[in-house]
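**Student:**
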Amino acid sequence: MTRPIRERATNYGAVGATAHFDFHRFPPKGFEVVQRRARIGHGRARYEAAIAALRTWKVQRLAGIEVDVVGSEDGSVYRPVGFEGQDPTRAASIEPQLTYGPDGEPFLQPGDSVDQRIRVAGLTFHAPMRVIAIEEEATSHGVILGSLEGHPLAGEERFTIEIAEDESVFLIFRAIVRNHAWWARAAAPIANAVRRRHHERFMDVLRSIDVP
Numbered sequence: 001m002t003r004p005i006r007e008r009a010t011n012y013g014a015v016g017a018t019a020h021f022d023f024h025r026f027p028p029k030g031f032e033v034v035q036r037r038a039r040i041g042h043g044r045a046r047y048e049a050a051i052a053a054l055r056t057w058k059v060q061r062l063a064g065i066e067v068d069v070v071g072s073e074d075g076s077v078y079r080p081v082g083f084e085g086q087d088p089t090r091a092a093s094i095e096p097q098l099t100y101g102p103d104g105e106p107f108l109q110p111g112d113s114v115d116q117r118i119r120v121a122g123l124t125f126h127a128p129m130r131v132i133a134i135e136e137e138a139t140s141h142g143v144i145l146g147s148l149e150g151h152p153l154a155g156e157e158r159f160t161i162e163i164a165e166d167e168s169v170f171l172i173f174r175a176i177v178r179n180h181a182w183w184a185r186a187a188a189p190i191a192n193a194v195r196r197r198h199h200e201r202f203m204d205v206l207r208s209i210d211v212p
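Okay, so the sequence shown: first residue is 1 according to the UniProt record's numbering, each after it adds one.
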């Protein structure tokens with residue numbers, strides 16, 4: 001019997017790897033490293049709108065992925081230790097989920113899970129993930145997502161919205177990934193093409209979101 005998404009573990013071992021500054025130099029064996037950076041607009045309003053889109057799963061939805069969110073069971077979330085380089089900057093804590101986007105949708109929080117549904121050639125594939133961490137800094141905002149049991153791929157994605165001194169706004173996308181399910185390995189060229197297409201869409205959709 002398939003376990004509820006909330007109860008599933010990650011299907012890869014290097015949890016939090018994409019948060020490390022040199023993750024691309026020493027990726028886990030068998031994993032591909034993905035790094036992309038794109039300018040998505042200008043100004044504080046664009047920056048805040050991009051953060052809201054990232055924290056409410058709008059990025060995935062606009063990229064063509066259907067999303068069902070599974071929050072923490074008691075309404076509170078675990079916020080893990082934060083790091084700057086190799087130095088801890090934030091202690092672990094339990095915090096209530098109180099933050100909401102402009103449309104009233106609650107912001108995703110560490111510990112939240114999601115069932116993503118991806119449609120390819122008339123078929124629907126489930127790709128469950130969990131929010132591993134949120135990174136909030138003065139000029140950047142990041143979300144780390146990790147794949148769960150039942151995901152056809154294994155790995156981690158890190159989305160960071162960054163605003164520069166001239167108020168240019170960027171999306172920095174990092175990932176470690178490998179095909180995990182037997183059929184994803186067998187059809188690797190197709191699985192890789194679908195994955196790359198969605199990565200490109202992630203960069204594009206943040207340029208098109210409405211800014212108040």
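Note that beta-carbon positions come from the ideal geometry of N, C-alpha and C, so glycine has one too.
Is the separation between the beta-carbon of residue 65 and that of residue 206 shorter than 7 Å?
**Tutor:** By one-based count along the sequence shown, residue 65 stands at place 65. By one-based count along the sequence shown, residue 206 stands at place 206. Their beta carbons are not under 7 Å apart, which means residue 65 does not touch residue 206 by this criterion.
**Student:** Quick one: grab the DSSP three-state call for residue 78.
**Tutor:** As a working mapping, residue 78 is identified with position 78 in the sequence shown. Reliability of the predicted coordinates at residue 78 is poor, the pLDDT of 45 falling under 50, and no value is obtained from them.
**Student:** What residues in its chain sit with their C-beta under 6 Å from that of residue 154, if we drop five residues either side in the sequence?
**Tutor:** Taking the sequence shown and counting its residues from 1, one reaches residue 154 at position 154. Once the five neighbours on either side are set aside, the close Cβ partners of residue 154 are 11, 12, 147, 178, 180.
**Student:** By Cβ distance below 7 Å, which residues in the same chain neighbour residue 38 in space, the five residues on each side in sequence not counted?
**Tutor:** Sequence index remark: in the sequence shown, residue 38 carries index 38 (1-based). Closer than 7 Å at Cβ, skipping near neighbours: 170, 171, 203.
**Student:** What residues match up with residue 170 in a beta bridge as DSSP calls it?
**Tutor:** By 1-based counting over the sequence shown, the position of residue 170 is 170. Looking at the DSSP output, residue 170 shares a beta bridge with 39, 162.
**Student:** Quick one: is residue 122 buried, meaning 16 or more other Cβ sit within 10 Å of its Cβ, or exposed?
**Tutor:** By one-based count along the sequence shown, residue 122 stands at place 122. Counting the other CB atoms within 10 Å of its CB gives residue 122 a total below 16, which places it among the exposed residues.
**Student:** Taking only three categories from DSSP, how would you classify residue 116?
**Tutor:** Locating residue 116 in the sequence shown gives position 116, where the first residue counts as 1. Strand at residue 116.
**Student:** Measuring CA to CA, which of 14, 54, 45 is closest to residue 173?
**Tutor:** By one-based count along the sequence shown, residue 173 stands at place 173. Measuring from the Cα of residue 173, the nearest candidate turns out to be 54.
**Student:** What does a CB cutoff of less than 7 Å around residue 185 pick up in its chain, not counting 5 residues either side in sequence?
**Tutor:** On the sequence shown, residue 185 is found 185 positions in, with the first residue counted as 1. Closer than 7 Å at the Cβ level, and outside the excluded window around residue 185, lie 179.
**Student:** Here's the rule I'm using: 16 or more other beta-carbon atoms within 10 Å means buried, otherwise exposed. How should residue 45 be labelled?
**Tutor:** Numbered from 1 along the sequence shown, position 45 holds the residue referred to as residue 45. By the neighbour-count rule (16 or more Cβ atoms within 10 Å), residue 45 is not buried but exposed.
**Student:** Which word fits residue 60, buried or exposed, when buried means at least 16 other C-beta atoms lie within 10 angstroms of its C-beta?
**Tutor:** In the sequence shown, the residue the question calls residue 60 occupies position 60. Buried.
**Student:** Would you decide whether residue 156 is buried or exposed? Buried here means 16 or more other CB atoms lie within 10 Å of its CB.
**Tutor:** What you label residue 156 is simply residue 156 of the sequence shown in a count that begins at 1. Buried, by the Cβ-count rule.
**Student:** With distances taken from CA atoms, which of 9, 118, 16, 3 is nearest residue 158?
**Tutor:** Reading the sequence shown from its first residue, position 158 is the one you call residue 158. The candidate whose alpha carbon is nearest that of residue 158 is 16.
**Student:** Quick one: what's residue 147 bridged to in DSSP?
**Tutor:** To locate residue 147, count along the sequence shown from 1; it is residue 147. Per DSSP, 129.
**Student:** May I ask you to list the residues that DSSP assigns as paired with residue 153?
**Tutor:** The residue labelled residue 153 in the question sits at position 153 within the sequence shown. Answer is 179, bridged to residue 153.
**Student:** On the CB-based measure, 16 or more other CB atoms within 10 Å of its CB, does residue 93 come out buried or exposed?
**Tutor:** One-based indexing of the sequence shown puts residue 93 at position 93. For residue 93, the predicted model reports a pLDDT of 46, less than 50, meaning its position is unreliable and no value from the coordinates is stated.
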